[in-house]
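Engineer: Just so you know, we're using the numbering used here here: the sequence shown kicks off at 10 and counts up by one.
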Amino acid sequence: MKLVSIEEAVDFLNQDKVVAIPTETVYGLAANAFSETAVLRVFETKSRPSYNPLIVHIADHDRLADLVSTFPENAKVLADKFWPGPLTLLLPKSNRVSDRITAGKSTVAIRMPSHPITQNLLKKLDFPLVAPSANRFKHISPTKPSHVFDSLGAGVPIIDGGECKLGLESTIVGFDTHNTPVVYRQGTISLESLQEVLPETYLLNQESDSEKTIVAPGMIKRHYAPNTPLKIVDSIENHLEEFGSENKIGVIYPVHTKPHQLAAQTITLSRGGDLNEIAEKLYSAFHQLDKQNLDYLIIERFENIGLGRTLNDKINRASSED
Ligand code: TXA
Ligand code: MG
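Here it is as structure tokens:
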């Protein structure tokens with residue numbers, strides 16, 4: 010694993026190279042947003058199809074003028090409340106933002122991360138950073154340096170910021186023709202917390218068959234998925250016999266539980282069942298259990314409200330077969 014300092018990362022980024030950076034959500038694969046060469050390298054390194062647009066990361070509001078043509082009032086309200094933090098806004102792009110970044114769309118995704126290392130890094134650069142999650146296309150997002158290494162290999166320099174505090178990708182919010190906020194991707198900022206600020210906020214209808222025609226390609230059904238098939242059940246206790254008697258099963262318990270004898274491996278996400286802690290640990294559990302040669306992973310559905318709704322969305326995608 011090639012761990013680098015902030016200063017070394019600055020040098021790499023100034024040379025149009027990619028660097029994996031820690032954020033409060035997941036690790037990102039960063040590059041100079043104003044360099045076509047650098048942006049192209051991000052797509053190549055991830056094997057990401059060119060129709061899937063990138064998020065641009067900034068450290069402060071001064072940078073916005075370079076990137077967007079307008080900043081709607083509702084976007085300001087959300088930015089004031091949630092930036093810096095795990096919120097990405099889809100805003101009308103300026104001419105300076107390339108079509109490669111937005112995959113030809115008229116909007117650009119912008120996020121102001123709160124992670125101190127990445128804030129510090131951005132302040133040392135003359136350009137904003139594009140940064141998709143630092144994993145190969147369709148794999149689970151990395152929440153620690155070893156996940157980046159496992160997915161992208163030794164060629165990618167990594168700034169070690171330890172484990173990501175939130176553990177799920179940012180919440181993505183766009184605006185419809187009436188400038189009403191629309192949630193394109195759920196994250197740790199839940200629908201309910203957005204509605205506390207702007208009550209008219211709603212969830213995009215996310216069902217779509219073709220990943221190329223949908224508005225946010227991160228919404229493709231099978232995404233964030235482990236290689237081992239994931240089964241979602243209402244009660245682990247009641248379903249273990251069904252899966253576990255003839256298979257090697259990995260059980261992901263949301264809260265501390267006495268491991269079942271039929272479970273070959275178990276992981277507890279949170280001793281006390283705290284949803285924030287569960288969100289922080291979920292992807293790490295997928296990464297870890299995926300290495301154990303198991304037949305199935307089993308997890309319980311969450312109560313469908315607040316962060317529980319986000320978690321259900323993530324596990325539904327992770328368990329989807331297409
Ligand atoms: O938490 C995060 O957002 C992380 C960290 C590194 O910042 N980044 C991240 O990026 O998750 P990525 O590329 O893995 O996911 C970005 C999602 C993709 O699903 C992409 O399709 C969508 O954002 N997206 C980007 N620009 C868009 C646009 N203009 N319109 C609609 N969706 C967009
Ligand atoms: Mg991603």
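Glycine included, C-beta positions come from ideal geometry on N, C-alpha and C. Predicted model, so just to flag it, every value in this text is computed and none were measured.
Quick check: the Cα distance between E330 and L239, rounded to an integer number of angstroms?
Structural biologist: Spanning the two alpha carbons is a distance of roughly 9 Å.
Engineer: Counting only the same chain and skipping the five closest in sequence on each side, list residues whose C-beta sits under 7 Å from that of E178.
Structural biologist: T34, V35, S142, S150, R194, G196
Engineer: Would you decide whether D108 is buried or exposed? Buried here means 16 or more other CB atoms lie within 10 Å of its CB.
Structural biologist: exposed
Engineer: Grouping DSSP H, G and I as helix and E and B as strand, with all else coil, what is G253?
Structural biologist: helix
Engineer: Any idea if E289 is buried or exposed, counting beta-carbon neighbours within 10 angstroms, 16 or more meaning buried?
Structural biologist: With 16 or more Cβ atoms within 10 Å of its Cβ, E289 is classed as buried.
Engineer: Between Y305, N214, F252, L76, which lies nearest to T116 when the distance is taken from Cα to Cα?
Structural biologist: L76
Engineer: If you draw a straight line from the C-alpha of I64 to the C-alpha of E251, how long is it?
Structural biologist: 42 Å
Engineer: Between which two residues does the beta strand (DSSP E) carrying Y412 extend?
Structural biologist: An answer regarding residue 412 cannot be provided, because it is not within the stretch 10 to 331 covered by the chain.
Engineer: Going by the DSSP bridge assignment, what does R109 pair with across the sheet?
Structural biologist: Paired residues: none, contrary to the question.
Engineer: For G183, which of helix, strand or coil comes out of DSSP?
Structural biologist: strand
Engineer: Less than 6 Å between C-beta atoms, sequence neighbours within five positions excluded: which residues of the same chain meet that for L99?
Structural biologist: T116, A118, G183
Engineer: Going straight from the alpha carbon of G315 to that of V86, what length do you get?
Structural biologist: 20 Å
Engineer: Can you tell me the Cα-Cα spacing of K300 and G282, whole angstroms?
Structural biologist: Spanning the two alpha carbons is a distance of roughly 25 Å.
Engineer: With DSSP run on the structure shown, which of helix, strand or coil describes E309?
Structural biologist: strand
Engineer: Taking three-plus beta-carbon pairs below 8 Å as touching, is the segment 159–166 in contact with the segment 66–81?
Structural biologist: Cβ pair count under 8 Å is below three, so no.
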